[in-house]
Amino acid sequence: MATNYLEAVNRKDHDGDKFDPKTQQKAIYMWYDSRYSDEALDIYSKEWQERIRDWHHAHQSIVTSTNTTLSSDELLETLDLGNFFLAHPIAGFSLWRVLQACYELDRAVCGDTDEVAQWQVMPPFKYLKDEGNQSRWKAEIGLLKQQMVSLSSRFGKQPAKFKMYEILVGVERYENAFESLKENFETNGKGKGFASWMIGRLRRASETGLLLLSSCKFRTAKLILCNLRNHIKSPRLRK
0 MATNYLEAVN RKDHDGDKFD PKTQQKAIYM WYDSRYSDEA LDIYSKEWQE RIRDWHHAHQ
60 SIVTSTNTTL SSDELLETLD LGNFFLAHPI AGFSLWRVLQ ACYELDRAVC GDTDEVAQWQ
120 VMPPFKYLKD EGNQSRWKAE IGLLKQQMVS LSSRFGKQPA KFKMYEILVG VERYENAFES
180 LKENFETNGK GKGFASWMIG RLRRASETGL LLLSSCKFRT AKLILCNLRN HIKSPRLRK
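Here the sequence shown is numbered in numbering that gives the first Met the number 0, starting from 0 and rising by one per residue.
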């Protein structure tokens with residue numbers, strides 16, 4: 000099935016005067032609750048209400064003025080998350096969770112820097128193909144490989160082990176979020192070309208990242224570090 004940009008951004012109820020974020024919040028909560036999932040427990044929070052309103056105000060004119068002839072993959076590459084969420088709140092929430100897992104992995108691999116923060120404001124599917132992002136990952140993974148090969152002192156081993164632990168936790172969260180997204184899209188993107196397109200883009204991006212990580216022998220590292228779960232408490236595990 001061909002992708003369609005309009006399917007990803009258009010819906011009938013983009014009426015600025017009648018817009019209420021509770022409609023999207025309720026739909027998301029009910030869908031996840033019906034699957035006994037706690038992934039959307041915070042959807043009624045003030046933070047989410049403000050986020051949805053900001054997306055609506057910022058992108059209303061773009062959504063309503065979309066040219067009805069647009070349907071190319073190139074436009075989906077530049078799709079704004081806010082536009083997608085407003086049109087498909089349940090699927091959009093699932094995509095948002097996957098992106099948060101990606102950003103967490105970026106911070107684990109590359110550090111919590113201004114450069115990494117800038118990746119989070121990029122359109123989602125442009126971000127997933129960004130060459131600067133991939134180059135930085137390659138450089139950081141290369142450094143980590145060197146550390147794991149050359150470090151012999153107790154002082155040096157712990158930071159490297161902790162970084163590996165952070166990355167492994169990030170990979171696990173990404174895998175869980177991606178599996179949830181696929182189930183979500185099977186229902187909430189059924190019959191829509193953008194659903195398979197987005198899943199394909201996410202799968203290719205994850206394969207690229209995991210290929211880089213595999214060069215550090217993370218499968219072996221995962222076995223070695225299992226016992227650290229009870230001793231190391233990651234700041235990113237705290238909510």
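Each residue gets a CB set at the ideal place from its N, CA and C atoms; glycine is no exception.
Return the chain-ordered ranges of every alpha helix (DSSP H) run that is complete within the region 18-53 and spans a minimum of 4 residues. 20-32
Length at least 4, wholly inside the region 90-164: the alpha helix (DSSP H) runs in chain order: 113-118, 123-126, 130-149
From which residue to which residue does the alpha helix (DSSP H) around residue 192 run? 192-213
For residue 54 and residue 114, what's the separation of their Cα atoms in angstroms? The straight-line gap from Cα to Cα measures roughly 23 Å.
Suppose the cutoff is 6 Å on Cβ atoms and the five residues either side in sequence are ignored; what does the same chain contact list for residue 96 look like? 176
In chain order, what residues of the same chain have a beta carbon less than 7 Å from the beta carbon of residue 18, not counting five sequence neighbours either side? Excluding its 5 nearest sequence neighbours in each direction, residue 18 has C-beta neighbours in its own chain below 7 Å: 55, listed in chain order.
Since residue 88 and residue 26 are thought to touch, with beta carbons under 8 Å apart, how far apart are those beta carbons, to the nearest angstrom? 6 Å
Do you know offhand how far residue 198's Cα is from residue 24's? 23 Å
Contacting residues, own chain, Cβ-Cβ under 6 Å from residue 38 (five flanking each side not counted): The answer, listed in chain order, is 31.
Tell me whether residue 100 is buried or exposed, calling it buried when 16 or more other Cβ atoms sit within 10 Å of its Cβ. That one is buried.
How far does the alpha helix (DSSP H) with residue 81 in it extend, from its first residue to its last? Taken as a continuous stretch (DSSP letters only), the alpha helix (DSSP H) holding residue 81 covers 80-86.
Reference residue 85, options 21, 195, 190, closest by Cα: When the alpha-carbon of residue 85 is set against those of 21, 195, 190, the nearest one is in 21.
DSSP three-state label for residue 189, please. coil
Euclidean distance between Cα positions of residue 186 and residue 209: Using only the alpha carbons, I get a separation of about 27 Å.
How long is the line joining the alpha carbons of residue 90 and residue 207, rounded to whole angstroms? Roughly 24 Å separates the two Cα atoms.
Candidates 92, 158, 82, 72: which alpha carbon is nearest residue 43's? The shortest C-alpha separation from residue 43 is found at 92.
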